[in-house]
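Participant: Sharing a structure with you now.
Protein chains: 2
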Amino acid sequence: MSVRISDSTVRRLSLYLRMLRDLRRQGAELVSSRELAERTGATSAQVRKDLSLFGSFGKRGRGYAVGDLTTTLEDILGLSHTWRVGLVGVGKIGAALLGYRDLARRGFEVVAAFDVEPDKIGREMFGVRVAPLADLARVVREERVEIAIVATPPEAAADVAERLAAAGVGAILNFAPTEIHRVGDVPVRTVDVVLELEGLSYLLAGGRRDDVD
Amino acid sequence: MSVRISDSTVRRLSLYLRMLRDLRRQGAELVSSRELAERTGATSAQVRKDLSLFGSFGKRGRGYAVGDLTTTLEDILGLSHTWRVGLVGVGKIGAALLGYRDLARRGFEVVAAFDVEPDKIGREMFGVRVAPLADLARVVREERVEIAIVATPPEAAADVAERLAAAGVGAILNFAPTEIHRVGDVPVRTVDVVLELEGLSYLLAGGRRDDVD
DNA sequence: AACTGTGAAAACTTTCACAGCC
DNA sequence: GGCTGTGAAAGTTTTCACAGTT
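Heads up: the sequence lines are chains A and B, in that order.
Going by the numbering used here, the first sequence opens with residue 4, and the numbers climb by one from there.
Going by the numbering used here, the second sequence opens with residue 4, and the numbers climb by one from there.
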């Protein structure tokens, strides 16, 4: 086993999982690759290929068992356990994330928050006490933070990422509009709203439109 | 011209542009593909290939002129003009986006906002009056909204997207955790924080086995 | 008949490597 | 010597198409 799984495959697995959970809630028992494809923007062959990279979960002639495939995907994606998340930077975006219920509901619990602003430090926001950035290492260890979200101004982001990695965080989601490269062996993903808007701008400005969704 | 440009290329162009603007501010005149690559996580060959898809902008033996390449990329990405953006859903995420200065600074001005909550309608938030969702079509036309951001609960997102497309919006950025497929010929991009976290979860859960076996 | 699992083919993207220019 | 521009090669991802299973 042990093939390298591409980013796009993992992304699609997440989409399949979201749909499977919906189906499970609605009481569906079986789902075909075609149905999974339709509502996730993939093709049925792609769905089958993606799943087959991890094993044979379907029943020929029938489809996939919704319940089983849901837990299988949760296992593959590491979502059987709730992740302990630390949030650095409680500005507009950080605060919105703190208040975003879906995080906890979908397996990511924010257990620590940090900021440098004196009037934010010590305050409790959405059930989490904001700690001073200076205490980052100690609090990350005490709260056993596994994944960190960086929502600081761009000029602070790289330094914060270093310190998070040094404190033992396993992965970083970066919201600052600056590229952070993997710090040591800690993977980093960047979410940049403006980047996404620029992609749309490109299409509107005359870039070929037949290939995005 | 008119080659098909991939999504990843466009994404990298945005990164190059961000770096070029920094360089311009610092007064740099020339930049090499290697320098552009280093700080954007690309390779120098990739930078040259990406740019060469649109023309020959460099000077052999010297590099690229920072100022010229900046405006060239702004043109390619459609950023010579400021886009008029409409925001649907002024909940936590929507409000954070409204207050996010970088949008306007980087060429995307929010000129209209919508919600269904009676206590939000009519209020002015960050300089934009919140209109009732029922007035969507009229306000979109009056304010000449070109790009819309959907930040509604997932169950409302698809319907809102339809109405936006019908009202003449040219592209949609979707923040609701549900897949929206291209509506007619209106491209849609989805940003989903949980999806990104799940990608990291996958890596932490053992998906990383880089080159083991 | 319906649908999965999967090799093989096709399409696409990245990297290489070097001619040409400053 | 340093650097771009680019065909060709290598690598990766998607699609095809069909044997096999219920």
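The beta-carbon is built from N, C-alpha and C at its ideal position, and this holds for glycine as well.
1. Looking at the C-beta of VAL215/A, does it have a partner C-beta in chain B at a distance below 8 Å?
2. Name, please, each residue of chain A whose Cβ falls closer than 7 Å to the Cβ of GLY92/B.
3. With VAL148/B and VAL172/B assumed to form a contact (beta carbons below 8 Å), what rounded beta-carbon distance in angstroms separates them?
4. Rounded to whole angstroms, how far is the Cβ of GLY110/B from the Cβ of ALA151/B, which I believe are closer than 8 Å?
5. For VAL153/B and chain A, any beta-carbon pair shorter than 8 Å?
6. Which of the three DSSP states is assigned to TYR19/A in this structure?
7. Provide the residue span of the beta strand (DSSP E) that contains ASP122/A, from first to last.
8. ASP162/A CB to nearest chain B CB: under 8 Å?
9. Please identify the residue among ALA68/B, ALA168/B, GLY209/B, PRO180/B whose C-alpha is closest to the C-alpha of GLU199/B.
10. Applying the 10 Å Cβ sphere with the 16-neighbour rule, what's the burial state of SER36/B?
11. Determine the direct distance from the alpha carbon of PHE57/B to that of MET22/B, and round the result to whole angstroms.
12. Measure the alpha-carbon distance for ALA98/A versus GLY64/A and round it to whole angstroms.
13. Please state whether the Cβ-Cβ distance between LEU72/A and LEU16/A is less than 8 Å.
14. Taking the Cβ atom as the reference point for each residue, do LEU80/B and SER204/A lie within a distance shorter than 8 Å?
15. Alpha helix (DSSP H) containing PRO135/A: first to last residue?
16. Could you give the C-beta distance for VAL133/B and ILE124/B, rounded to a whole number, given that I count them as a contact under 8 Å?
17. Determine which residues of the stretch 169–200 of chain A have a Cβ less than 7 Å from any Cβ of chain B, and write them out in chain order.
18. Within 10 angstroms of the Cβ of GLU182/A, are there 16 or more other Cβ atoms? Answer buried if so, exposed if not.
19. Tell me which residues of the stretch 94–118 of chain A have at least one Cβ-Cβ distance to chain B shorter than 8 Å, keeping chain order.
20. On the DSSP bridge assignment, give the partners of GLY61/A in chain order.
21. At a CB-CB cut-off below 7 Å, which residues of chain A make contact with TYR19/B?
22. Looking at C-alpha atoms only, which residue of THR85/A, ALA160/A, ALA107/A is the closest neighbour of PHE117/A?
23. Establish whether the CB of LEU207/A and some CB of chain B are separated by less than 8 Å.
24. Using beta-carbon positions only, say whether GLU146/A and ALA115/A come within less than 8 Å of one another.
25. Would LEU176/B pass as a contact of VAL194/B if the rule is Cβ separation under 8 Å?
26. Going by beta carbon distance, what residues of the same chain come within less than 7 Å of GLY70/B, once the five residues before and after it are set aside?
27. Output, in chain order, the set of chain B residues within a Cβ distance shorter than 8 Å of GLU149/A.
28. Where does LEU76/B fall in DSSP's three states?
29. For GLU158/B, does the three-state DSSP call read helix, strand or coil?
30. Got a sec, what are the start and stop residues for the beta strand (DSSP E) ALA140/B sits in?
31. Name the chain B residues whose beta carbon is nearer than 7 Å to that of LEU217/A?
32. Looking at PRO190/B: is its Cβ nearer than 8 Å to the Cβ of ALA170/B?
33. Note down, in chain order, all residues in the stretch 39–54 of chain B with a beta-carbon under 7 Å from any beta-carbon belonging to chain A.
34. Taking the alpha carbon of VAL196/A as the point to measure from, which residue in ARG42/B, ASP162/B, ARG14/B has its own alpha carbon closest?
35. Please report whether the beta-carbon of ARG14/B lies at a distance below 8 Å from any beta-carbon of chain A.
36. What is the DSSP secondary structure of THR181/B, reduced to helix, strand or coil?
Facilitator: Well, looking at it:
1. For VAL215/A, the predicted model reports a pLDDT of 34, less than 50, meaning its position is unreliable and no value from the coordinates is stated.
2. Within chain A, no residue comes near GLY92/B; the closest Cβ sits about 12 Å away, beyond 7 Å.
3. 6 Å
4. With 8 Å as the limit, GLY110/B and ALA151/B do not qualify as a contact, their Cβ atoms being about 16 Å apart.
5. no
6. helix
7. That residue, ASP122/A, is in no beta strand (DSSP E); it is neither H nor E in DSSP.
8. no
9. PRO180/B
10. buried
11. 19 Å
12. 48 Å
13. no
14. yes
15. No alpha helix (DSSP H) contains PRO135/A, which is instead part of the beta strand (DSSP E) from 131–135.
16. 6 Å
17. GLY173, ALA174, LEU176, PRO180, GLU182, HIS184, PRO190, ARG192, VAL194, VAL196, VAL197, LEU198, GLU199, LEU200
18. buried
19. LYS95, ILE96, ALA98, ALA99, LEU100, GLY102, TYR103, ASP105, LEU106, ARG109, GLY110, PHE111
20. TYR67/A
21. Ordered by position in chain A, no residue passes the 7 Å Cβ test against TYR19/B, which lies about 11 Å from the chain.
22. ALA160/A
23. yes
24. yes
25. yes
26. ARG27
27. LEU207
28. helix
29. helix
30. Where ALA140/B is concerned, there is no enclosing beta strand (DSSP E), although the alpha helix (DSSP H) it sits in stretches over 139–145.
31. One cannot answer for residue 217/A here, as it falls past the ends of chain A, which runs 4 to 216.
32. no
33. ARG42, THR43, GLY44
34. ARG14/B
35. yes
36. coil
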